[in-house]
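Have a look at the structure below before the remarks.
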Amino acid sequence: MKTLAKWSVDDYHQMIQAGILQARRVELLKGEIVETSPETPIHYTTAKQGAKYLETLLAGKAEVRFNGPVTLRDSEPEPDIAIVRLPESTYRARHPHPEDIFWLIEVANTSLKQDLDIKAAVYATAGISEYWVVNLVTMQITIFQQPVTGQYRQQTTVQDGNITPLAFDNVTVSVRKLLAQTST
């Protein structure tokens, strides 16, 4: 039986500062350093346009981060989009922690299984109240809500209409715009 050593977030940060992980596309998930999938043009464009769209919707209400890390207990994933508390200056010395996060979004095509299974469990364990997966294969969004003991109790999949995030009941997010099916 093989036993793998688990890395702490502090270990991971030390490796980053020492340059050990430089030029590697990795993130820390449940104590393991995991290589991430390369971004395809459609993945990058959908995530970038989605972040811009959400910045417009949430101006003055939340900070929308694009491709930046969030620090959890035993993980430091880099969601495509993170909607976090203001002020932005809070994150000059550290990445957002679970209590700072309103919701997270992953855009997925080649990483779909990891985003729906592993990352959903990581985010639920951290108590992230809402997590969306933008599925570029089916052009749908899966919404995970109500984290309980490492999993989300509620899961809904939509492909049109609007979504009202839990943290902002006065905001409606267009599914079509988030899927980059129309210009923003």
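For the sequence shown, position 108 (counting from the first letter as 1) is numbered 99 according to the numbering used here, and the numbering increases by one without interruption. Ideal placement from N, C-alpha and C gives every residue a C-beta, glycine not left out.
With a contact defined as Cβ atoms closer than 8 angstroms, Gly41 and Val139 miss out at about 27 angstroms. The beta carbon of His88 is closer than 7 angstroms to those of Thr62 in its chain, skipping five residues each way along the sequence. Between the alpha carbons of Leu49 and Glu26 lies a gap of roughly 31 angstroms.
Comparing alpha-carbon positions, the option among Arg167, Phe159 and Leu170 lying closest to Gly51 turns out to be Phe159. Residue state for Val128 is assigned as coil, using DSSP reduced to three classes. Two segments are said to touch when three or more pairs of C-beta atoms, one from each, lie closer than 8 angstroms; by this definition the segment 151 to 167 does not touch the segment 27 to 34. Of Ile96, Thr163 and Val164, the smallest CA-CA separation from Pro60 is found for Ile96.
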